[in-house]
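This report concerns only the one structure given below.
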Amino acid sequence: MDGRQGAELTRRLRPRFALPVHYDDYTVMKSPLSAFHAEMDRRGLGERVIHCGRGQVATIAPGSPAVRVS
């Protein structure tokens, strides 16, 4: 999957949040995480992307309009 494909999947599924994981763990990924971010921004979906660095924890409560990253 590349950034364009990831953004298209997000557009089709219409999740409240998009939390990229395993973006640099496997060699099958076709583009860097920055390509996904750029494509999400281009499509007006950038606000859905949760920025959670390696070692951080994202907490999403059911029905919550926000995500806590710590």
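Every position in the sequence shown, counted from 1, becomes a number in this note's numbering once 41 is added.
Backbone N, C-alpha and C fix where the C-beta goes; we use that ideal spot for every residue, glycine too.
Fair warning: this is a prediction, and the values are worked out from it, not measured in the lab.
For residue i, report the span of its alpha helix (DSSP H) as first-last.
i	result
ASP82	74-83
GLY44	44-54
Are there 16 or more other CB atoms within 10 angstroms of the CB of residue i, so buried, or fewer, so exposed?
i	result
GLY85	exposed
GLU88	exposed
VAL90	buried
Nearest-angstrom Cα distance between residue i and residue j?
i	j	result
PRO61	MET70	12 Å
ARG45	TYR64	13 Å
SER72	CYS93	18 Å
THR100	ALA48	22 Å
Can you pull the DSSP bridge partners for residue i?
i	result
VAL110	ALA99
VAL90	ALA59
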